[in-house]
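One structure is given here, and the rest of the page talks about it.
And the structure:
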């Protein structure tokens, strides 16, 4: 059964994102005890001692990391992901530029041929 097909009486409002969710999908923020949906925010830190692992609302999670080293690890992971995406975008842009350059060369050749035909 789809989440949205469950009966209305068993639904609740997420106090983090404001959307309605089935009560089985509601968790409690480990810091402020707000009810939040399980889809709203889950903190999965690689550090097993991180105090933020689990369900944490956006407000509590915003600027809070278990320590500076943990924060740096998260930033480095984000940086690596962005670098990979940048390389992929660069490769696509280079291929597209090469294709356009080839099209321009074809057009220039055709124009030169047409101009030559007109002069004859």
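Numbering (this note's numbering), first residue to last: 83 to 202. Ideal Cβ positions, reconstructed from N, Cα and C, are used throughout, including at glycine.
Quick one: residues in its chain with C-beta nearer than 6 Å to the C-beta of residue 83, no 5 flanking neighbours on either side, listed in chain order?
As a first step, residue 83 is located in the chain shown; it is residue number 1 there, counting from the start. For residue 83, the predicted model reports a pLDDT of 49, less than 50, meaning its position is unreliable; a value from the coordinates is still stated below. The answer is none, since no qualifying residue turns up.
For residue 181, does the count of other Cβ atoms within 10 angstroms reach 16, so buried, or fall short, so exposed?
Residue mapping note: residue 181 aligns to position 99 of the chain shown, counting from 1. The residue is exposed, with fewer than 16 neighbouring Cβ atoms inside 10 Å.
Helix, strand or coil, according to DSSP, for residue 195 in the structure here?
What you label residue 195 is simply residue 113 of the chain shown in a count that begins at 1. Residue 195 falls in the helix class under three-state DSSP.
ask   = Given that a residue counts as buried once 16 or more other Cβ atoms are within 10 Å of its Cβ, and exposed if not, what is residue 192?
value = By 1-based counting over the chain shown, the position of residue 192 is 110. By the neighbour-count rule (16 or more Cβ atoms within 10 Å), residue 192 is not buried but exposed.
Check your understanding: Between the C-alpha atoms of residue 174 and residue 189, what's the straight-line distance to the nearest angstrom?
Key -> Translated into the one-based positions of the chain shown, residue 174 becomes position 92. Translated into the one-based positions of the chain shown, residue 189 becomes position 107. Between residue 174 and residue 189, the C-alpha separation is close to 23 Å.
Can you look up residue 102 in the DSSP assignment and give me helix, strand or coil?
As a working mapping, residue 102 is identified with position 20 in the chain shown. Strand at residue 102.
So, helix, strand or coil for residue 110, using DSSP? For this step, residue 110 is matched to residue 28 along the chain shown. Of the three classes helix, strand and coil, the one that applies to residue 110 here is strand, per DSSP.
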